[in-house]
Amino acid sequence: MTTVARGALAALVVLALLAILVPELASVDPLAIDDVLGARLVAPFARDAAGAWHLMGTDRFGRDILVRMLLAARISLAVGIGGSLLATGVGIVVGAVSGWWRGTTDRIAMAITDALLAIPRLVLLLLCAALWRPGAMTVVIVLALTGWMSVARLVRAEVQALAARAFVDGARASGATEWHTLWRHVLPNALGPAIVALTLGVGNAMLLESGLAFLGLGVQPPTPSWGNMIAGGRDLIVIAPWVALAPGLALVATVLACTVLGDALRDRLAGEHVRPLGERA
Amino acid sequence: MRVLIHRGAESLLLFWLVVSLTFLLAHLAPGDAADLLVSPSASPEEVTSLRRTLGLDASLPVQYVRWVGGVLRGDLGESFALREPVVRVIARALPISLALGLTSLVLTFVVGVSVGLFQAARRGHWQDRVLTGIGITIFAAPSYWLALALVALFTTGASWWGFPDWLRLPAFGIRSPASTAAGWDAAREVIRHALLPVTVLAAIGAAGIARYARAAALDLAGSDWVRTARAKGVVERRVMGRHLLANAVPPLVVLFALSVPGVVAGSVFVEGIFAWPGMGRLMLAAIAARDYPVVMGATLVYAALVIIANGLADMTLYLLDPRRR
Chain E
1 MTTVARGALA
11 ALVVLALLAI
21 LVPELASVDP
31 LAIDDVLGAR
41 LVAPFARDAA
51 GAWHLMGTDR
61 FGRDILVRML
71 LAARISLAVG
81 IGGSLLATGV
91 GIVVGAVSGW
101 WRGTTDRIAM
111 AITDALLAIP
121 RLVLLLLCAA
131 LWRPGAMTVV
141 IVLALTGWMS
151 VARLVRAEVQ
161 ALAARAFVDG
171 ARASGATEWH
181 TLWRHVLPNA
191 LGPAIVALTL
201 GVGNAMLLES
211 GLAFLGLGVQ
221 PPTPSWGNMI
231 AGGRDLIVIA
241 PWVALAPGLA
251 LVATVLACTV
261 LGDALRDRLA
271 GEHVRPLGER
281 A
Chain V
1001 MRVLIHRGAE
1011 SLLLFWLVVS
1021 LTFLLAHLAP
1031 GDAADLLVSP
1041 SASPEEVTSL
1051 RRTLGLDASL
1061 PVQYVRWVGG
1071 VLRGDLGESF
1081 ALREPVVRVI
1091 ARALPISLAL
1101 GLTSLVLTFV
1111 VGVSVGLFQA
1121 ARRGHWQDRV
1131 LTGIGITIFA
1141 APSYWLALAL
1151 VALFTTGASW
1161 WGFPDWLRLP
1171 AFGIRSPAST
1181 AAGWDAAREV
1191 IRHALLPVTV
1201 LAAIGAAGIA
1211 RYARAAALDL
1221 AGSDWVRTAR
1231 AKGVVERRVM
1241 GRHLLANAVP
1251 PLVVLFALSV
1261 PGVVAGSVFV
1271 EGIFAWPGMG
1281 RLMLAAIAAR
1291 DYPVVMGATL
1301 VYAALVIIAN
1311 GLADMTLYLL
1321 DPRRR
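This is the structure we're talking about:
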């Protein structure tokens, strides 16, 4: 692992720790609205009327933005990781089944995959999110429903290539069932690209989650997520730009760390595959 | 020729699948349009009659046949919110998005490929590292956040730091409010309004393309024919132009097709922030108003754009590269 990748991993771990600890330990409540007039829209590095210091400033209700950002990190990380784990899981199952059995199953599965891939992921996401009740769980499910296709294709190609190898014949010859051969012998060898896609997918899922939250289709206020915090600062962009820009910085840094980590993993696991251009928010 | 017909048929089949999927997704949703449209005080009879006018009382297969038939005739139903045919609503928004999208796409491509090739030529040098860093950072930023940052820069920032007049770019809309400019002045006005949205879209697109172009160029640079050309004593510029770039055309065509969905998706947010009355803004407004016919229609148009781009890329590849025939 390169120094940069190690740094990225360390940054993610630190972020996760801060997200778990700070909102619990902070002296200010990230959700409570107290002295609105004395504390609202305090600029970064400034003190409010009561003398409290705010590293990232405060929002229109006088809530500390940094503490809210760290509370939001819990949701964003959980939804990002949950969404792409589920998407990768579905992708692995579809890809493995259609790569292994081929024939009609394969044709139908790949037709659906192609049709879903033909709709830009964001549009598909908007469509689904608009149709169902907004919330963190919906976002995770919708991310999974719209994100499994590229993994399915990667795994399918991998499984098809492996199916021709001698160890598969060996497993069959020694009496293993089809399922056992696929599950124990082929799939473990086909997971490299899927793991890479998962790591890169986390950053992507977080971007899309924030996009949905920004549009009011994702995690709903008062629960903070980076997206709805940016949305909350949107109409203040001219008078108090930090309200919208600070949460975005956290998002950019996190997605960047995921990308660097994913690239490092790809170099180790997947050889010379060129990274697919992901849909983004 | 047969290959082309085959490919065309495939595209049509794909489009039919998308049409069916949008129908399925819309009908999987809990509740139907009638529940959303009527006022809370409406009587059950009113809901029933509305359901009948909207054609929602028919069985699912009948509704499906009507939907597919409508799509075939170019009839996507009527917008709930605007009381206007969806096709007309989209026809108004699509040219604006296409203009914005195509300009960004071309810029994306030119900037992305140039940066990628430059990086490949300077592989491992500090310029390559800096550009890679900038590229993945832009790629990690959500488009709406980049757009907001530009808005902040050109409103608050412009007055804080005293930008000169020509640099005070308008951040909202396609024309100035109550503008009476005509002819060249009007064109200048629209272009000035387009600068910020195009910058955001092109920056994000170029960041992605540059990575690809760099990888593709390095891949080709390591090939035998490039080594042979160099060994023959061909000058570096000719190696780049005749040997490298000529072989890089097919991957570039694929790239072009791949970047279409990105620009389309990016335009949703970018149009929303910069208040451009295009497809993206239409889609967002329709979602907010639960205007399902418009949402479904816009989805179809987006999908059609991607399918057409992919189809065209495949056909171009086929015409360009004799090995594929």
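These protein sequence lines map, in sequence, to chains E and V. Residue 234 in the working numbering sits at position 234 of the first sequence, with consecutive numbering throughout. Take the position in the second sequence, starting the count at 1, then add 1000; the result is the number in the working numbering. Virtual Cβ for every residue (Gly too), placed ideally from N, Cα, C.
Inter-residue Cα distance where the pair is residue i and residue j
i, j, result
"Ala1334/V", "Arg1281/V", "In this structure chain V extends from 1001 to 1325, so residue 1334/V is not present and cannot be described."
"Leu277/E", "Phe61/E", "Residue confidence is low: Leu277/E scores 42 on pLDDT, short of 50, so the model does not pin down where it sits. Its coordinate-derived value is still stated next. Between Leu277/E and Phe61/E, the C-alpha separation is close to 39 Å."
"Leu236/E", "Leu1245/V", "47 Å"
"Val1107/V", "Pro120/E", "According to the sequence displayed, residue 1107/V carries Leu and not Val. Those two C-alpha atoms are separated by around 21 Å."
"Trp148/E", "Val159/E", "16 Å"
"Leu207/E", "Gly1297/V", "25 Å"
"Ala1289/V", "Arg1122/V", "51 Å"
"Val140/E", "Gly1074/V", "35 Å"
"Ala1187/V", "Leu1102/V", "17 Å"
"Pro1277/V", "Ala1182/V", "20 Å"
"Pro188/E", "Leu1014/V", "32 Å"
"Leu1196/V", "Ile1287/V", "25 Å"
"Met1283/V", "Val1294/V", "7 Å"
"Gly83/E", "Val142/E", "8 Å"
"Phe1154/V", "Gly1272/V", "17 Å"
"Cys258/E", "Ile1136/V", "11 Å"
"Leu1117/V", "Ala176/E", "51 Å"
"Ala129/E", "Asp1291/V", "14 Å"
"Ala1257/V", "Gly1173/V", "29 Å"
"Met1315/V", "Ala1009/V", "13 Å"
"Arg165/E", "Gly233/E", "56 Å"
Burial state of residue i (16 or more Cβ within 10 Å)
i, result
"Phe167/E", "exposed"
"Glu1084/V", "exposed"
"Ser1079/V", "buried"
"His1006/V", "exposed"
"Ser1159/V", "exposed"
"His1125/V", "exposed"
"Ile239/E", "exposed"
"Val1209/V", "Note that residue 1209/V is Ile in the sequence shown here, rather than Val. Result: buried."
"Arg68/E", "buried"
"Glu1045/V", "exposed"
"Met229/E", "buried"
"Arg1096/V", "It is worth fixing the name first, because residue 1096/V is Ile in this sequence and not Arg. Classification for Ile1096/V: buried."
"Leu1072/V", "exposed"
"His180/E", "exposed"
"Ala1216/V", "buried"
"Glu1236/V", "exposed"
"Ile98/E", "In the sequence on display, residue 98/E carries Ser and not Ile. That one is buried."
"Pro1251/V", "buried"
"Ile1191/V", "exposed"
"Val1062/V", "exposed"
"Ala173/E", "exposed"
Span of the alpha helix (DSSP H), counted from its first residue to its last, around residue i
i, result
"Ala163/E", "Ala136 to Ala163"
"Pro188/E", "Leu187 to Ala190"
"Trp132/E", "From DSSP, Trp132/E is part of no alpha helix (DSSP H); its letter is neither H nor E."
"Ser84/E", "Ile65 to Trp101"
"Asp169/E", "Ala166 to Ala173"
"Thr1022/V", "Arg1002 to Leu1028"
"Thr3/E", "Thr3 to Leu25"
"Trp1067/V", "Leu1060 to Arg1073"
"Leu1076/V", "Premise fails: Leu1076/V is in no alpha helix (DSSP H) and is neither H nor E."
"Ser1049/V", "Pro1044 to Thr1053"
Quick one: which unbroken alpha helix (DSSP H) runs of 4-plus residues sit fully inside the segment 204-245 of chain E? Chain order, please. Fully enclosed alpha helix (DSSP H) runs of 4 or longer: 226-233.
Taking any Cβ of chain E, which residues in the segment 1256-1268 of chain V have a Cβ under 9 Å from it, in chain order? Leu1258, Ser1259, Val1260, Pro1261, Gly1262, Val1264, Ala1265, Gly1266 and Val1268
If you measure beta-carbon to beta-carbon, which residues of the segment 1097-1112 of chain V are closer than 9 Å to chain E? none
To test your reading of the DSSP string, which unbroken alpha helix (DSSP H) runs of 4 or more residues are found completely within the segment 1220-1291 of chain V? 1224-1232, 1246-1274 and 1279-1288
Whole runs of the beta strand (DSSP E) within the segment 1078-1154 of chain V, excluding any shorter than 3 residues: none
The segment 1145-1161 of chain V: which residues have C-beta closer than 9 Å to a C-beta of chain E, in chain order? Trp1145, Leu1146, Leu1148, Ala1149, Val1151, Ala1152, Leu1153, Thr1155, Thr1156 and Gly1157
Can you pull out the residues from the segment 97-118 of chain E whose beta carbon lies closer than 8 Å to at least one beta carbon of chain V? Ala111, Ile112, Asp114, Ala115, Leu116 and Ala118
What are the residues of the segment 206-218 of chain E that lie near chain V, defined by any Cβ-Cβ distance shorter than 8 Å? Leu207, Ser210, Gly211, Phe214, Leu215, Gly216 and Leu217
Could you name the residues of the segment 1127-1145 of chain V whose beta carbon sits closer than 8 Å to any beta carbon of chain E, in the order they occur along the chain? Per Cβ criterion, the list reads Ile1136, Thr1137, Phe1139, Ala1140, Ala1141, Pro1142, Ser1143, Tyr1144 and Trp1145.
Residues of the segment 140-156 of chain E whose Cβ lies closer than 9 Å to any Cβ of chain A, in chain order: Protein chains in the displayed structure are E and V, and chain A is not among them.
Could you name the residues of the segment 232-257 of chain E whose beta carbon sits closer than 7 Å to any beta carbon of chain V, in the order they occur along the chain? Arg234, Ile237, Val238, Pro241, Ala244, Leu245, Gly248, Leu251, Val252, Val255 and Leu256
Give the residues from the segment 1289-1314 of chain V that approach chain E closer than 7 Å (Cβ to any Cβ), ordered along the chain. Val1295, Thr1299, Tyr1302, Ala1303, Val1306 and Ile1307
So if I threshold CB-CB distances at 8 Å, which residues from the segment 181-204 of chain E count as touching chain V? Gly203
Going along the segment 1001-1019 of chain V in order, which residues come within less than 7 Å of chain E, judged by CB to CB distance? Leu1014, Leu1017 and Val1018
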